[in-house]
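Peer 1: Residue numbers (my numbering): 29 to 626.
Quick reminder that beta carbons are idealized off the backbone N, C-alpha and C, glycines included.
This is the structure, below, for whatever I ask next.
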């Protein structure tokens, strides 16, 4: 076990030098907590259901856990309690080992980590975790002799270059990429965050208490709900509150000034709930761009200030903005952006060497920029360009939309290019009304075709939806009642200048029947697993049109609902018969039967 210490004045001199030069000396050391040695009996580190945990109690628990940890090179921290997560993180630092903070606790993720890292010890703090051969953290802390008064209580210090944790990207693309974060970079990053947010000025300088709705294993959660209070003399609530009632209860247990660290998804839930919340002195949001309307609603309802943090797993927090004041982001002190061709890189300050950002960014000045969305989310349809983030922003800004998500188009196996798709949760709006509202907000080329109404979206603890969950969302589009397949309805919308209407007909354009049939086939392909109760996607087998009738012209700009119903055959037979109806304004425009062969 290696323990690093330094005199307190040396640490303060290091911080002063960084504030002046913006350079991080990786030969220096930094304390585990920002607490004067003579204040460990009075300094509050955390609140556990309203009960104070002092610095002395915290340090005893860290040393006890470090002594009793099973030997390993890597410790997989999947504890649920924020205090346990923090203890394990610091105890592993004392062991000079590596903490792995997973983005989720699925079996797939665990298997992926075991393939990447050798000698893993899994630590849990709840018996129903589902992980076999895992060490139970409360038992490691429960040794009476190790928690005696003679346990070391001095404040450990760690070198700036020591690896504090291995964090992972959220897996939005289907794979979790590991990123090693040094102790020095984490400490300096959260001190810069505290400075730009003005935490020391809240409540007349009284210590701030921070509550998070995001898990501490996420980079944003680790930085803003654990490292930030520990490195700036503040305190944190050990609660992991997700539901509005839990958030209200946790806030009520905390003294002021109170800070809530959350996400746009969670913030929307709080605003829509009927819970009564105690006063919140500051709300911090991250993981996705926050709608100005949502930020404004939060500031008015909670009588507070809402600030956003921009950052990434690779670089940590790098910029902030008050959403209701400006759409421009302001960089942290000494952090710089630069363009390298079409890419944007961030470096300097606590970030150190420049790192590539995966976002579309416009540099507006020496320390400001405008964010457009993820690089991989950029969409180009008929020569027009936008981002999924921009479309999602407008979709979720519609009054009555509880949640919504655009999906990028993909190429079908037969070469037909699919259009944008959207999934929407709403208790009060129909798909037609949502499309009508979108027409006033976005270019018609980006209107979703189709638009699916669903009960909920599979968001994770940070409000994100990963690639695997999107695939499952598509596969589970329809519902089944008592084993009987239900009808699937898909809202389809035609452009007012649809190319298929050129010459069809001059002076009286209508959508050709063959175009409608192609759209029906495309809808069947997209919903094949739901229609057939077969998890496998539709193969390249043939199909034929058994019957079709066109009863009403469909003109450009109209909305058409495609209804699909399996009428014959079973999923295990090579033949599948599906009837379809296309309706416009409640009138059947076309109907028929397709026969598919495996």
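Is DSSP giving residue 308 helix, strand or coil here?
Peer 2: Reduced to three states, the DSSP call for residue 308 is coil.
Peer 1: Could you compute how far the alpha carbon of residue 606 sits from the alpha carbon of residue 614?
Peer 2: For residue 606 and residue 614, the distance between alpha carbons rounds to 21 Å.
Peer 1: Report the rounded CA-to-CA distance for residue 541 versus residue 402, giving the unit in angstroms.
Peer 2: Cα to Cα, residue 541 sits roughly 38 Å from residue 402.
Peer 1: Hey, residue 590 and residue 520 are a contact pair by Cβ (cut 8 Å); roughly how many whole angstroms apart?
Peer 2: With 8 Å as the limit, residue 590 and residue 520 qualify as a contact, their Cβ atoms being about 6 Å apart.
Peer 1: Just reading off the alpha helix (DSSP H) that residue 7 is part of, what are its end residues?
Peer 2: Lying before the first or after the last residue shown, residue 7 is absent from the chain, which here runs from 29 to 626.
Peer 1: Given that a residue counts as buried once 16 or more other Cβ atoms are within 10 Å of its Cβ, and exposed if not, what is residue 330?
Peer 2: Buried: at least 16 other Cβ atoms inside 10 Å.
Peer 1: Could you check where the alpha helix (DSSP H) with residue 212 kicks off and where it finishes?
Peer 2: Segment 211-225, the alpha helix (DSSP H) holding residue 212.
Peer 1: Considering residue 105, what are the terminal residues of the beta strand (DSSP E) in which it resides?
Peer 2: Where residue 105 is concerned, the enclosing beta strand (DSSP E) stretches over 102-105.
Peer 1: Using a Cβ-Cβ cut-off of 7 Å (strictly less than) and excluding sequence neighbours within five positions of residue 544, which residues of its own chain qualify?
Peer 2: So the list reads 582, 610 and 618, once near-sequence residues are dropped.
Peer 1: So, at 8 Å on beta carbons, what are the nonlocal neighbours of residue 407 in its own chain, with the 5 sequence-adjacent residues on each side left out?
Peer 2: Once the five neighbours on either side are set aside, the close Cβ partners of residue 407 are 413, 414, 415, 416, 419, 436, 437, 448 and 474.
Peer 1: Could you tell me the boundaries of the alpha helix (DSSP H) in which residue 96 lies?
Peer 2: It spans 83-96 - the alpha helix (DSSP H) in which residue 96 sits, taken as one unbroken run.
Peer 1: When you compare the CB positions of residue 239 and residue 278, do they come within less than 8 Å of one another, or not?
Peer 2: Yes, these two residues count as a Cβ contact at 8 Å.
Peer 1: Would you call residue 246 buried or exposed, if buried means 16 or more other Cβ atoms sit within 10 Å of its Cβ?
Peer 2: Classification of residue 246: buried, given that the 10 Å Cβ count is 16 or more.
Peer 1: Using a Cβ-Cβ cut-off of 6 Å (strictly less than) and excluding sequence neighbours within five positions of residue 207, which residues of its own chain qualify?
Peer 2: Same-chain partners within the cutoff: 195, 341 and 342.
Peer 1: Compute the Euclidean distance between the alpha carbons of residue 259 and residue 456, then round it to the nearest angstrom.
Peer 2: Those two C-alpha atoms are separated by around 46 Å.
Peer 1: Of the choices 255, 252, 268 and 217, whose alpha-carbon is the least far from that of residue 241?
Peer 2: Selected option, being the one with the closest Cα: 268.
Peer 1: CB residue 72 to CB residue 79, shorter than 8 Å?
Peer 2: For residue 72 and residue 79, no; Cβs fall outside 8 Å.
Peer 1: Run through DSSP, which three-state label would residue 544 get?
Peer 2: Three-state result, residue 544: helix.
Peer 1: Would you tell me roughly how many angstroms separate the C-alpha atoms of residue 103 and residue 373, rounded to the nearest one?
Peer 2: Straight-line Cα distance between these residues: approximately 32 Å.
Peer 1: Please state whether DSSP places residue 582 in a helix, a strand or coil.
Peer 2: Reduced to three states, the DSSP call for residue 582 is coil.
Peer 1: Cα-Cα, which of 450, 376, 452 and 336 is closest to residue 399?
Peer 2: Of the candidates 450, 376, 452 and 336, the one whose C-alpha sits nearest the C-alpha of residue 399 is 336.
Peer 1: If we count the other Cβ atoms within 10 Å of its Cβ and call it buried at 16 or more, is residue 526 buried or exposed?
Peer 2: Classification for residue 526: buried.
Peer 1: Could you give the residue range of the alpha helix (DSSP H) that holds residue 249?
Peer 2: It spans 247-250 - the alpha helix (DSSP H) in which residue 249 sits, taken as one unbroken run.
Peer 1: What are the boundary residues of the beta strand (DSSP E) that residue 268 is part of?
Peer 2: Unbroken beta strand (DSSP E) run through residue 268: 263-268.
Peer 1: Residue 538 to residue 338, Cα distance in whole Å?
Peer 2: For residue 538 and residue 338, the distance between alpha carbons rounds to 47 Å.
Peer 1: Find the nearest neighbour of residue 223 within the set 250, 262 and 210, judged by alpha-carbon distance.
Peer 2: Looking at the Cα atoms, 262 is the closest of the given residues.
Peer 1: If you follow the beta strand (DSSP E) that residue 452 is in, where does it begin and where does it stop?
Peer 2: 449-453 is the span of the beta strand (DSSP E), which, as asked, contains residue 452.
Peer 1: Beta-carbon separation of residue 472 and residue 523 under 8 Å?
Peer 2: Yes, these two residues count as a Cβ contact at 8 Å.
Peer 1: Are the CB atoms of residue 421 and residue 319 nearer to each other than 8 Å?
Peer 2: Contact: yes.
Peer 1: Return the residue from the list 83, 283 and 424 that minimises the CA-CA distance to residue 462.
Peer 2: Selected option, being the one with the closest Cα: 424.
Peer 1: Let me confirm a value: residue 182 is counted as buried when at least 16 other C-beta atoms fall within 10 Å, else exposed. Which label applies?
Peer 2: Exposed, since its Cβ has fewer than 16 Cβ neighbours within 10 Å.
Peer 1: With 16 as the cutoff for other CB atoms within 10 Å, does residue 531 come out buried or exposed?
Peer 2: Residue 531 is exposed by the Cβ-count criterion.
Peer 1: Got a sec, what are the start and stop residues for the beta strand (DSSP E) residue 114 sits in?
Peer 2: Taken as a continuous stretch (DSSP letters only), residue 114 belongs to no beta strand (DSSP E), being part of the alpha helix (DSSP H) at 110-122.
Peer 1: At 3 residues or longer, and completely inside the stretch 333-366: list those beta strand (DSSP E) runs for me, N to C.
Peer 2: Here the runs fully enclosed are 334-340, 344-350 and 356-359.
Peer 1: Helix, strand or coil for residue 461? Go by DSSP, reduced to three states.
Peer 2: Here residue 461 sits in helix by DSSP.
Peer 1: Going by alpha carbons, who is nearest to residue 56 out of 304, 64, 212 and 450?
Peer 2: Comparing Cα-Cα distances from residue 56 to each of 304, 64, 212 and 450, the minimum goes to 212.
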